[in-house]
């Protein structure tokens, strides 16, 4: 089967990372897969290990589609002649929908819904516009049950055209003390440091400024704790200013984007995610796969990735006192923390192993391509 995976751009962010992992796994099963970026890639693009790549040419990104980008993507899909196209979140919906409407050849279109659609309604008429865009989509795949239910409520998609297939992540082998030693070296940490990690783009929904406020409280109770922030984004200067204002520079470390972050997080004592909104966060699953429990806010599909009290702790969104208390308690109880980490890894293997998720996508693709061809 020839599969086209459309991503916003070939960047190291959740939707793109998973689409690339999925693509490589599909290639290993004998499929031909190309990862197509809508917009120009960053300086250090995400590179698949097995799948091929292509970047669309056209005008600048914006609310409304670029005619030149639509034309270039249309030409590419016509020449590539894929058996199926999957659009992975963000702007990929509007471009793939418009191109399918313009295409004389029939091909199934899957849209992968990666968040809570209702959260992103920003301007008048947006709901009607997106409903129109969703019409040519053959099937919507949501990353969590919460995301699926929200998408149905928001855009009125029939139940038979939408399902849930969560993110899958590779299950790594245990690496002993290596990830911790690498983290200590990377951030120049003392040997006895308690390490709390966060991974995410510096954007409003990831709630970095709130996390900095919370960490000030954590540090008052747990003096040897260090917070490691992985990622980049437009809010980084504001986060740096907040760190300086609270004199936290010796304990908060901004480590940027790193392709090896999924391995490095295994060296942390605890993973934290105080997001305002999430579909299902791959970063929590990556931490769990390494045996690292999480403290997170109970928003979106996070409750499907963290079993409260078993694989981590969930706190009410915005409740800084509960969040601080949960982090401090787990840092001070290595036995409980270790038990949660082991439970998190087992839960990951049972529910989110990448191989299992790839099979679910493969079965969906076969169903949709059979329906189009009449097989």
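In my numbering, the protein residues as written are 6 to 380. Virtual Cβ for every residue (Gly too), placed ideally from N, Cα, C.
Through-space distance from residue j to residue i, alpha-carbon basis
i           : j           : result
residue 324 : residue 345 : 22 Å
residue 340 : residue 269 : 22 Å
residue 82  : residue 357 : 31 Å
residue 382 : residue 171 : The question about residue 382 has no answer here: the residues shown for the chain are numbered 6 through 380.
residue 252 : residue 263 : 26 Å
residue 329 : residue 336 : 11 Å
residue 42  : residue 60  : 5 Å
residue 195 : residue 212 : 27 Å
residue 69  : residue 353 : 39 Å
residue 312 : residue 342 : 14 Å
residue 106 : residue 186 : 53 Å
residue 218 : residue 242 : 16 Å
residue 259 : residue 267 : 16 Å
residue 375 : residue 34  : 19 Å
residue 176 : residue 130 : 43 Å
residue 125 : residue 284 : 12 Å
residue 18  : residue 49  : 12 Å
residue 58  : residue 37  : 11 Å
residue 368 : residue 75  : 29 Å
CB contact flag (residue i, residue j, <7 Å)
i           : j           : result
residue 178 : residue 144 : no
residue 384 : residue 256 : Because the chain is modelled from 6 through 380, residue 384 falls outside the range shown and cannot be assessed.
residue 300 : residue 331 : yes
residue 184 : residue 272 : yes
residue 10  : residue 28  : yes
residue 66  : residue 44  : yes
residue 53  : residue 14  : no
residue 22  : residue 56  : no
residue 25  : residue 39  : no
residue 282 : residue 297 : no
residue 4   : residue 302 : Any question about residue 4 goes unanswered here, given that the chain covers just 6 to 380.
residue 63  : residue 77  : yes
residue 94  : residue 20  : yes
Cut-off 6 Å between Cβ atoms - residues of its own chain near residue i, not counting five sequence neighbours on either side
i           : result
residue 98  : 92, 116 and 138
residue 226 : 333
residue 371 : none
residue 216 : 279
residue 348 : 315 and 316
residue 274 : 199 and 200
residue 205 : 211 and 236
residue 221 : 251
residue 142 : 114 and 116
Supposed contact pair residue j and residue i - C-beta distance, whole angstroms, cut 8 Å
i           : j           : result
residue 96  : residue 122 : Contact doesn't hold; Cβ gap of about 14 Å is too wide.
residue 30  : residue 232 : Not a contact, Cβ separation roughly 33 Å.
residue 118 : residue 148 : 7 Å
residue 207 : residue 236 : 6 Å
residue 294 : residue 316 : Their Cβ separation, rounded to whole angstroms, is 11 Å, which puts residue 294 and residue 316 out of contact at 8 Å.
residue 120 : residue 152 : 7 Å
residue 249 : residue 229 : About 21 Å; that fails the 8 Å criterion.
Cut-off 8 Å between Cβ atoms - residues of its own chain near residue i, not counting five sequence neighbours on either side
i           : result
residue 150 : 169, 306 and 309
residue 407 : Residue coverage of the chain in this structure runs from 6 to 380, which leaves residue 407 outside it and unanswerable.
residue 239 : 207 and 208
residue 79  : 104, 107 and 108
residue 321 : 302, 303 and 327
residue 245 : 259
Residue i CB to nearest heavy atom of the ligand HEM below 6 Å
i           : result
residue 199 : Judged by which ligands are present, the structure shown has none, so any question about the ligand HEM falls away.
Chain-order list of residues whose beta-carbon lies under 7 Å from that of residue i (same chain, five-residue window excluded)
i           : result
residue 366 : 27 and 170
residue 350 : 293, 294 and 296
residue 210 : 280, 281 and 282
residue 173 : 357, 358, 359, 361, 362 and 363
residue 87  : 7, 8, 9 and 112
residue 223 : 230, 329, 332 and 333
Ignoring anything shorter than 3 residues, give me the beta strand (DSSP E) runs that lie fully in the stretch 52 to 111, in order along the chain.
57 to 60 and 89 to 93
Starting from the N-terminal side, write out each stretch of the alpha helix (DSSP H) that is 4 residues or longer and does not extend beyond the stretch 307 to 353.
307 to 310 and 325 to 336
Which runs of the alpha helix (DSSP H) spanning at least 4 residues fall entirely within the stretch 176 to 218, listed in chain order?
183 to 192
Threshold first: 3 residues or longer. Then list the beta strand (DSSP E) segments lying entirely within the stretch 267 to 299, N to C.
275 to 278
Which complete beta strand (DSSP E) runs does the stretch 227 to 263 hold, if anything under 3 residues is left out?
230 to 235 and 257 to 261
Curious, which full-length beta strand (DSSP E) runs of at least 3 residues does the stretch 107 to 166 contain?
114 to 118 and 144 to 147
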